[in-house]
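Residues in the sequence shown are numbered consecutively from 1, following full-length UniProt numbering.
The beta-carbon is built from N, C-alpha and C at its ideal position, and this holds for glycine as well.
Source: prediction; values computed, not measured.
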Amino acid sequence: MAENDIQRTVLKEYTDNPEYYTRKMTKLISLMKESKFITIYTGAGISTAASIPDIRGEHGLETKQTPLVVLGLKEQDLDCIYPTYTHCAITELVDRGVVKFVATSNHDGLHQKSGLSDEYIADVFGNVFVEKCLKCKMLWKRSVVVPSLGRKCDDTNCRGRLQKTGTRMGETTPEEPLNRAWEIAKKSDLAIVIGSSLTVSPFCQLPFLAKQTVILNLQDTSYDNNSVLNIHCYCDTAMRDICKAYSIEISQFKMIRKFCLYTDVTNDRYSILVTGDASNEPSGVVSAVEIEYETAGGKILKEMDSNLKGDFVMELDNIACGMSIVFVFVFREHFDSKPLKESVILQEGNVRREFEFVKNIIY
Ligand SMILES: [Zn+2]
C-alpha cells in the first residue's frame with residue numbers, strides 16, 4: 001500500500017458538541033417514533049468497544065496494514081469478544097418491534113451473540129461463525145469461529161465440503177444475505193447507519209433504499225449529503241439515549257459458553273477429550289487443560305495435547321475406574337478469567353460431562 005493510499009484512508013474522528021448532539025438526537029428520536037419500518041445498518045464502529053479494531057478510523061487498521069492480513073489474524077480472536085452495549089440495545093429494539101431488520105458489514109457474529117435472531121439479520125459479508133456446505137448448500141451455525149481446513153458437512157448422507165462464510169476484503173460477497181437485505185431495505189421508511197463509514201460496496205447502498213437515512217458515525221462519510229441527519233458520536237452514547245427514549249434498561253450481558261469433557265475406557269486405556277458442546281465444533285474458550293491425579297508412584301501432573309481441530313486430547317495408562325482426576329481448564333487470555341478446577345471420578349464407558357464458562361459483562 002503506497003503512502004498516499006494510506007493517507008487517503010485516514011478519516012478524522014470527532015464528536016458533535018453536546019448541545020448540537022442533543023438537538024440532533026431529539027430529532028432522530030422523533031423520526032424513529034414517527035416511522036413504521038426502521039432498519040439498522042452497522043459497521044466496524046459498533047464493535048470497537050468489544051476490542052475489535054475499527055477498519056478505517058484514525059486508529060483503525062487500514063491506516064497501518066492491509067486489511068486482508070489483519071482480518072485474517074483477527075478472526076482467531078473473534079471467539080473471545082462479547083457484544084457491546086450497542087449490540088444488546090439493537091437486539092432489544094428488535095425484540096420490542098421498534099426496529100424491523102438489521103444488516104451488518106461486520107462478520108464478527110456479535111449481533112447473534114447478543115441474542116438477535118437470524119430472521120432479523122443479514123450478514124452481508126458472511127459470518128465467521130457460519131459455514132456453508134458446498135454440496136447440499138446447508139448453512140451450519142457454530143458457537144466458535146469456524147476452523148479452516150478439512151471440514152465436512154454434519155449431514156452424514158452428504159459429507160460435502162464445508163466453506164467459511166466470513167468474507168475478507170476483495171472476496172465476493174455471498175448472494176443470499178445481500179438479496180434479503182436489499183428487499184427489506186426497500187420497505188424501510190427510516191434507515192439508521194451506526195458505526196459505518198459506508199465505504200464498502202454494495203453494503204453502502206442499502207441504507208439509501210429507505211425513504212430517509214440517518215448516519216451515526218465518528219467520521220464523515222461520502223453519503224452525508226444523502227442523509228437527513230448526520231450525528232457524530234460514539235455508538236454506545238447514542239444508543240443509551242435511544243434506549244432511554246424507549247424506557248429500555250440494559251445493565252449487563254451474561255455470556256455463557258459450554259464445553260464438554262469426554263472420558264472413555266477401552267482395553268484398560270482411558271481416552272480423554274475436551275471439545276465444544278455441539279458435534280463438529282471445538283471449544284473456543286479453553287486455551288489449555290491440565291490434569292492432576294495420584295498413582296502408586298506419586299502425584300502426576302500433565303498438560304493435555306491440543307490437536308489441529310482445537311480440541312484437547314490425552315490417553316492414559318494405569319488408570320482405574322473410581323479414581324479421581326482433577327482437571328484445570330485455563331481460559332483464553334482475552335477473557336481475563338480464573339481457571340476452572342473440577343474433580344472428576346472416572347467411570348466405565350464413554351461419559352460426557354458438560355461445563356460452562358460464564359462471564360458477566362457490566363455496561
Ligand atoms: Zn451438506
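Just reading off the beta strand (DSSP E) that residue i is part of, what are its end residues?
{"i": "residue 229", "result": "229-231"}
{"i": "residue 301", "result": "298-303"}
{"i": "residue 257", "result": "252-266"}
{"i": "residue 353", "result": "351-362"}
{"i": "residue 31", "result": "Here residue 31 belongs to no beta strand (DSSP E); instead the alpha helix (DSSP H) covers 18-34."}
{"i": "residue 394", "result": "This structure gives no information on residue 394, because the portion of the chain shown stretches from 1 to 363."}
{"i": "residue 378", "result": "Residue numbering for the chain in the displayed model covers 1 to 363; residue 378 lies beyond these limits and cannot be assessed."}
{"i": "residue 288", "result": "286-295"}
{"i": "residue 123", "result": "121-123"}
{"i": "residue 135", "result": "Counting along the chain, residue 135 falls outside any beta strand (DSSP E), and DSSP gives it neither H nor E."}
{"i": "residue 163", "result": "162-164"}
{"i": "residue 325", "result": "324-331"}
{"i": "residue 139", "result": "139-141"}
{"i": "residue 212", "result": "212-216"}
{"i": "residue 116", "result": "Element bounds for residue 116: n/a, residue is neither H nor E."}
Verify the contact flag: residue i, CB atom, against every heavy atom of ligand 1, threshold strictly below 8 Å.
{"i": "residue 159", "result": "yes"}
{"i": "residue 80", "result": "no"}
{"i": "residue 135", "result": "yes"}
{"i": "residue 153", "result": "yes"}
{"i": "residue 138", "result": "yes"}
What is the residue span of the alpha helix (DSSP H) that residue i lies within?
{"i": "residue 180", "result": "175-187"}
{"i": "residue 85", "result": "85-95"}
{"i": "residue 50", "result": "Looking at the DSSP string, residue 50 is not in any alpha helix (DSSP H), and its letter there is neither H nor E."}
{"i": "residue 238", "result": "235-245"}
{"i": "residue 112", "result": "110-113"}
Count the other CB atoms within 10 Å of the CB of residue i; is the residue buried (16 or more) or exposed (fewer)?
{"i": "residue 106", "result": "buried"}
{"i": "residue 132", "result": "buried"}
{"i": "residue 151", "result": "buried"}
{"i": "residue 79", "result": "buried"}
{"i": "residue 34", "result": "exposed"}
{"i": "residue 15", "result": "exposed"}
{"i": "residue 211", "result": "exposed"}
{"i": "residue 274", "result": "buried"}
{"i": "residue 143", "result": "buried"}
{"i": "residue 360", "result": "exposed"}
{"i": "residue 296", "result": "exposed"}
{"i": "residue 257", "result": "buried"}
{"i": "residue 12", "result": "exposed"}
{"i": "residue 311", "result": "buried"}
{"i": "residue 281", "result": "buried"}
{"i": "residue 320", "result": "exposed"}
{"i": "residue 47", "result": "buried"}
{"i": "residue 18", "result": "exposed"}
{"i": "residue 136", "result": "exposed"}
{"i": "residue 92", "result": "buried"}
{"i": "residue 358", "result": "exposed"}
{"i": "residue 73", "result": "In this predicted model, residue 73 has a pLDDT of only 38, less than 50, meaning its place in the structure is not dependable; the value taken from the coordinates is given anyway. Per the 10 Å Cβ criterion, exposed."}
{"i": "residue 104", "result": "buried"}
Measure the beta-carbon distance from residue i to residue j and round it to whole angstroms, keeping in mind my assumption that it falls under 8 Å.
{"i": "residue 363", "j": "residue 82", "result": "The Cβ separation is near 11 Å, so there is no contact."}
{"i": "residue 37", "j": "residue 124", "result": "Incorrect: roughly 19 Å between the Cβ atoms, too far for contact."}
{"i": "residue 346", "j": "residue 323", "result": "5 Å"}
{"i": "residue 206", "j": "residue 222", "result": "Incorrect: roughly 15 Å between the Cβ atoms, too far for contact."}
{"i": "residue 192", "j": "residue 228", "result": "That pair is no contact at about 11 Å."}
{"i": "residue 242", "j": "residue 89", "result": "7 Å"}
{"i": "residue 108", "j": "residue 128", "result": "7 Å"}
{"i": "residue 190", "j": "residue 32", "result": "7 Å"}
{"i": "residue 230", "j": "residue 224", "result": "5 Å"}
*Can at least three beta-carbon pairs, one atom from the segment 337-357 and one from the segment 255-264, be found at a separation below 8 Å?*
yes
*Answer yes if the segment 327-342 comes into contact with the segment 283-291, meaning at least three C-beta pairs across the two stretches below 8 Å, and no otherwise.*
yes
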